[in-house]
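Q:
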Amino acid sequence: MKNIVIGTAGHIDHGKTTLVKMLTNINTDTMKEEKERGMTIDLGFAPLNIPSGDIISIIDVPGHEKFIKNMVAGAKGINFVLFLIACDDGIMPQTIEHKEILKLLGIKNGIIVLSKRDLVTSERVDEVKAQISQEFKEEFFKDFPIVEVSLKDSSTYENLYNLILKEIENFDFSSSNNIQNIFRLDIDKIYSPKGIGTIVSGTTIGNINKGDTLTLYPQKINIKIKGIQNHGKDLEYISSQQRCALNITGVTAKELERGNLLTNSKTITNSKIIDVVFNRLSEGTIPKNNTKIRLNIGTGEYYGKIKYLQDFEEESTFFQLIMDKEIPVDFDDIGILRTLSTSALLGGARILTPFGVPTKKNNSIYLKKLNYLLNKQLNVSEYLLNKGSFTYINDLNKEFNLSLNENSFDHNIFVFKTIKAIIHKENLKNLKNEINLYLNDFHLKNPLRKGVPLATINNLFFKGINLINEFQDEFQEKDNFVSLKTFKVKLSKDEKKIKDEILILLKKQEFNGLSFEKLNDYFHKNLNFKEVFQYLVREGLIIKLNEYFLLKGFYQEALNRLDNFLILNTQITLAEFRDLLKTSRKMALVYLENFDEKKVTKKIDSYRIKNNI
């Protein structure tokens, strides 16, 4: 079964609403103001019954130029159009305007209906057909069949009805806005009947069941489908390309407005910076950079300004739309741009990505990305090669509206499985070379240091992520330091001599230790002393206690003597510990405060006990 939405287009008073009534026996002029003025102000819709049982909804789109936003709203989901041209007036300004909008929105199937045939001569009909041939000669409308109708001859509407059946029978509607498992409804009307709750209406894209949960944008509120109705019938589910009313819970009518949308899509997002490809209205004004605009998209109207991402090109131009507020959009949504001041049509805008980022004009890398999105031909290998660094698979999917996984890539791409990221192997090779050069330079300048801090390597080369274990063949990581696999600390002859002298000097001091200043003075501020000394500290051969340094062995011996004393005694005083080490009271206090800090001992009044925590 086909689900078909037919739209009407054409100049005001050319008979669109009358046409719908003649085909469906329903008057879509539902508002008092509409009845009085004889024009459709908002979207009216009616079912068209056909023998096959296919579900057809006809939307009566308003013709008045100030209501173009409603026409765009109606066009969302339309896959066939009845384009009316009155025989007496012929082609009028709004005829051209609607033709341009339908072209921009990509609606390529339909019928041209010549209304008011009874008011003119055959010669006039031929004139109008000639106008159509001239005006529509380079458009996809030129292949639309043409049919004449007259209120005084009901058979003309029967002819139109039969032609509609023939055209829709030959057209494949399955590809029109129907994405499997994705549902979307742009809200065009909101009701709150007493005792029923909140009701919204729109044209479905995708399928939905009663009881399903959707997300309301831009509010990001979860709502539940309480009821579904299509052309007056209550349904348990509804499929794509149908007009429907949804009874929803989780939100009140006061919280809603036209332009909100309901969806289960994960790609729709609220965005303020939107990258688009702009197609100018035929012979229309070329907008200037920073032109303030109205964007009609879905059922919403929003305000913002244009930012050129490249010099204007006649066929299409990349723009960035900087909106006044975040709006709900998705990849490939199509909107209409108008000037803010005069509402003059500028052209159409197809959304390439909702995730625009501020960038300078003619940024070649950014423009290449937009070309990928425009042509839907992303060469992942080429993209990664140009990008240089690694990219998370989820980020790539989000950026280009893809569904890739770890097994989606060719032999040119390396996958970091631990973090689900990818990099081109050529860039991986370059990255390894950069790290190799960096570490080699570091080792030459710092031969006594075990390596570069792991955090430094991560920040410099891996965006803060720990990936060094992915490079175990070239690099090694130990104690949070990274070095070349082949690197080992080697002391020169002079450095070995200084090392031995430091150890001998501290050994003589036993438990007393020495300050760095005294050691430095002893070696007459030899530049090599500092490097060797820091090496001994890093290697753990020397222990620092406050401002004092001593051999690790004496520190461990102090712990052992304390432990043995407390086995025989429940507590120890500062004086007793001083005597154990045969050191000064000051130095004994330095030890004990260190033990307190490390939870080895616990101070109580003037003595200490073993800390069992």
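Under the numbering used here, residues 20 to 632 are what the sequence shown spells out, in order.
The beta-carbon is built from N, C-alpha and C at its ideal position, and this holds for glycine as well.
Here the structure is a predicted model, which means the values were calculated and not measured.
1) Alpha carbon to alpha carbon, how far is ILE25 from GLU188? Give it in angstroms, no decimals.
2) Specify, as a first and last residue, the run of the beta strand (DSSP E) that ILE562 falls within.
3) Check the DSSP bridge columns for LEU235 and list the partner residues they point to.
4) Residues in its own chain within less than 6 Å of ILE561 by CB, not counting five upstream and five downstream?
5) When you compare only the Cα positions, how much space is there between ILE78 and SER152?
6) Please confirm whether LYS291 has its beta-carbon closer than 9 Å to some beta-carbon of chain D.
7) So what's ASP61 in DSSP terms, helix, strand or just coil?
8) What number of angstroms, rounded off, separates the C-alpha of MET50 from the C-alpha of ASP207?
9) Can you say whether LYS469 is buried or exposed, counting buried as having 16 or more other CB atoms within 10 angstroms of its CB?
10) The beta strand (DSSP E) spanning MET342 covers which residue range?
11) If distances are taken between C-alpha atoms only, which option among GLN329, LYS605, ILE586 comes closest to ASN631?
12) Taking SER134 as the reference, which of ALA149, ASP615, LYS171 has the closest Cα?
13) So, using beta-carbon positions, are ASN22 and GLN248 closer together than 9 Å?
14) Give the secondary structure of MET387 by DSSP, where H, G and I count as helix, E and B as strand, and everything else as coil.
15) Would you kindly work out how many angstroms separate the C-alpha atoms of ALA28 and PRO164, rounded to a whole number?
16) Classify ASP32 as buried or exposed, calling it buried when 16 or more other Cβ atoms lie within 10 Å of its own Cβ.
17) Counting beta carbon pairs with one atom in the region 326-340 and one in the region 290-303, are three or more of them shorter than 8 Å?
18) Could you have a look at SER534 and say whether DSSP puts it in helix, strand or coil?
19) Taking 8 Å as the cut-off, does the region 416-425 touch the region 475-491 (at least 3 CB pairs, one atom from each stretch)?
20) Using 8 Å as the Cβ pair cut-off and three pairs as the minimum, do the region 446-461 and the region 370-384 touch?
21) Nearest to LEU328 by alpha carbon, out of ARG580, ASN390, GLU167, SER625?
22) State the CB to CB distance for the pair LEU344 and LYS291, rounded to an integer number of angstroms; the pair is presumed to be in contact (CB under 8 Å).
23) Looking only at its chain, what residues have a beta carbon closer than 6 Å to the beta carbon of TYR626, apart from the 5 residues adjacent to it on each side?
24) Helix, strand or coil for ASP205 per DSSP?
25) If we count the other Cβ atoms within 10 Å of its Cβ and call it buried at 16 or more, is HIS430 buried or exposed?
26) Closer than 8 Å is the cut-off here; do at least three beta carbon pairs connect the region 257-274 with the region 350-362?
27) Determine the burial state of GLN396: buried for a count of at least 16 other Cβ atoms within 10 Å of its Cβ, exposed for fewer.
28) Tell me the DSSP bridge mates of PRO66?
29) What separation, rounded to the nearest whole angstrom, lies between the Cα atoms of LYS229 and ILE120?
30) Quick one: is GLY57 buried, meaning 16 or more other Cβ sit within 10 Å of its Cβ, or exposed?
31) CB THR633 to CB LYS245, shorter than 9 Å?
32) Less than 6 Å between C-beta atoms, sequence neighbours within five positions excluded: which residues of the same chain meet that for PHE155?
33) Could you tell me which of GLN528, ILE484, PRO466, THR282 sits nearest to GLU514, measuring between CA atoms?
34) Using 8 Å as the cut-off, can you tell me whether the region 271-285 makes contact with the region 360-377, which would need three or more C-beta pairs spanning the two stretches below that distance?
35) Please list the terminal residues of the continuous alpha helix (DSSP H) segment that includes GLN575.
36) My parser needs the alpha helix (DSSP H) runs of 4 or more residues fully inside the region 443-493; what are they?
A: On the basis of the data shown:
1) Distance between the alpha carbons of GLU188 and ILE25 is about 14 Å.
2) Counting along the chain, the beta strand (DSSP E) containing ILE562 begins and ends at 561-564.
3) LEU235 pairs with ILE240, LEU281.
4) So the list reads LEU555, PHE568, once near-sequence residues are dropped.
5) ILE78 and SER152: Cα-Cα distance of roughly 26 Å.
6) Although the question refers to chain D, the structure presented lacks it and comprises just one protein chain.
7) Confidence in ASP61 is poor, its pLDDT being 43 and thus under 50, which makes the residue's placement too unreliable to answer from.
8) With a pLDDT of only 44 at MET50, under the threshold of 50, the placement of this residue in the model should not be trusted; the figure read from the coordinates follows. In this model, MET50 and ASP207 are separated by some 15 Å (Cα to Cα).
9) Residue environment for LYS469: buried (at least 16 other C-beta atoms within 10 angstroms of its C-beta).
10) The continuous beta strand (DSSP E) containing MET342 extends over residues 336-348.
11) Nearest option by C-alpha distance: ILE586.
12) When only C-alpha atoms are compared, the closest one is LYS171.
13) For the pair ASN22 and GLN248, the CB atoms are not nearer than the 9 Å cut-off.
14) The sequence shown places Lys at residue 387, not Met. Helix.
15) For ALA28 and PRO164, the distance between alpha carbons rounds to 15 Å.
16) Buried, because 16 or more other Cβ atoms sit within 10 Å of the Cβ of ASP32.
17) Yes, the region 290-303 is in contact with the region 326-340.
18) If DSSP states are grouped into helix, strand and coil, SER534 belongs with the strands.
19) Output reads no: the region 416-425 does not touch the region 475-491.
20) Too few Cβ pairs lie closer than 8 Å, so no.
21) Of the residues ARG580, ASN390, GLU167, SER625, the one whose Cα lies closest to the Cα of LEU328 is ASN390.
22) The displayed chain sequence assigns Lys, not Leu, to residue 344. Yes, they are in contact, since the Cβ atoms of LYS344 and LYS291 sit about 7 Å apart, within 8 Å.
23) The answer, listed in chain order, is GLN590, THR592.
24) The three-state reading of DSSP puts ASP205 in strand, counting E and B together.
25) That one is exposed.
26) Contact annotation: the region 257-274 does not touch the region 350-362, with fewer than three C-beta pairs closer than 8 Å.
27) The Cβ neighbour count for GLN396, taken over all protein chains shown within 10 Å, is under 16; the residue is labelled exposed.
28) DSSP output for PRO66 lists SER76 as bridge partner(s).
29) When rounded, the distance between both Cα atoms is 34 Å.
30) Reliability of the predicted coordinates at GLY57 is poor, the pLDDT of 39 falling under 50, and the value obtained from them is presented with this limitation in mind. Counting the other CB atoms within 10 Å of its CB gives GLY57 a total below 16, which places it among the exposed residues.
31) The structure shown does not extend to residue 633, since the chain is modelled only from 20 through 632, so no value can be given for it.
32) Excluding positions up to five away in sequence, the list reads LYS161.
33) When each option's Cα is compared against that of GLU514, the closest is PRO466.
34) Contact between the region 271-285 and the region 360-377 is absent: fewer than 3 CB-CB pairs across the two stretches fall below 8 Å.
35) 571-587 is the extent of the alpha helix (DSSP H) around GLN575.
36) Every alpha helix (DSSP H) stretch that sits fully inside the region 443-493 and reaches 4 residues is listed by chain position as 444-464, 473-480.
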